[in-house]
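Worksheet: one structure, shown below.
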Amino acid sequence: MAEPIIIAIPKGRILVETLPMLARVGIVPEAAFSDEDSRALRFATNDPNIGLIRVRAFDVATFVAHGAAQIGIVGSDVLDEFDYSEIYAPVDLGIGRCRLSVAEPVEMAAEDDPREWSHVRVATKYPELTRRHFAARGVQAECVKLNGAMEIAPVLGLASRIVDLVSSGRTLKENGLVEVETICEVSARLIVNRAAFKTRAAEIAPLVEAFRALVAEGAKDAA
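Residue numbers (this note's numbering): 382 to 604.
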């Protein structure tokens, strides 16, 4: 018997939006999957041929790229940061919408013009994406890699600016920061390991088509 297809799901806000989509394509996780206190990382579903793992968003791409999971759901920000050639992203799920932006202290922004930047020091967990963005503008970016708590970096003098995901902007405002430039719009994508898509097409292709049909149905309803 073949090993189950493993779908990697990110912890956090995308997880909440993903659960209804999974249910609508016929995948129902075991109860423990929704238990935030559970320390388990791998879970069964109503389909014995499909299992789930719940990991950090950045790790979803790594698991799928290396074939430890055959399918994943992850933000386009992560895909752009790693740019794994082993990953195929056939469906924009239209969930987890936000943007990746440059932000700086309000008082700095009042006298600042991004068009005049030649060198920036930035705190971010997206160093590659950030460097590429600024390089395209002829700006040298010195990136300080952080995995969280980005908003405190300017206050403590670690970096004058940050690059981070922004949804409502509330966190920035509460920390005295303001957006000054948008790098890209972000949404969650269904991703597939390219090799697995070829070798296990009979199992994976129907799942991809189910998600694609679900997104198309949602777009039709919205229209």
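For every residue, glycine included, the Cβ atom is placed at its ideal position computed from N, Cα and C.
Integer-rounded CB distance, given that residue j should sit under 8 angstroms from residue i
| i | j | result |
| --- | --- | --- |
| Ala576 | Gly448 | 6 angstroms |
| Val436 | Pro391 | 7 angstroms |
| Glu562 | Val483 | 4 angstroms |
| Glu584 | Ile386 | 6 angstroms |
| Leu460 | Leu571 | About 11 angstroms separates the two Cβ atoms, so there is no contact after all. |
| Met402 | Leu588 | Not a contact, Cβ separation roughly 12 angstroms. |
| Ala591 | Val406 | 4 angstroms |
| Gly453 | Ala389 | 4 angstroms |
| Arg512 | Cys565 | Arg512 to Cys565, Cβ: 14 angstroms. No contact. |
Residue i, DSSP secondary structure in three states
| i | result |
| --- | --- |
| Ile585 | helix |
| Lys506 | coil |
| Glu467 | coil |
| Arg570 | strand |
| Glu411 | coil |
| Gly599 | helix |
| Ala450 | coil |
| Asp428 | coil |
| Arg420 | coil |
Identity of the residues DSSP links to residue i by a beta bridge
| i | result |
| --- | --- |
| His500 | Gln521 |
| Ser541 | In the DSSP output, where bridge partners are listed per residue, Ser541 has none listed. |
| Thr563 | Ser482 |
| Val547 | Arg480 |
| Val455 | Arg570 |
| Val472 | Leu571 |
| Leu558 | Pro486 |
Range covered by the beta strand (DSSP E) that runs through residue i
| i | result |
| --- | --- |
| Pro391 | Ile386 to Pro391 |
| Glu485 | Cys479 to Pro486 |
| Arg551 | It is not in any beta strand (DSSP E) - Arg551 instead sits in the alpha helix (DSSP H) that spans Arg551 to Glu555. |
| Ile431 | Ile431 to Val436 |
Delimiting residues of the alpha helix (DSSP H) encompassing residue i
| i | result |
| --- | --- |
| Arg575 | Arg575 to Thr580 |
| Ala404 | Arg394 to Arg405 |
**Message:** Does the structure place the segment 419-427 close enough to the segment 459-477 that three or more beta carbon pairs sit under 8 angstroms?
**Reply:** no
**Message:** Does the contact criterion of 3 or more C-beta pairs under 8 angstroms hold for the segment 519-528 versus the segment 489-507?
**Reply:** Because the criterion of three Cβ pairs below 8 angstroms is met, the segment 519-528 and the segment 489-507 touch.
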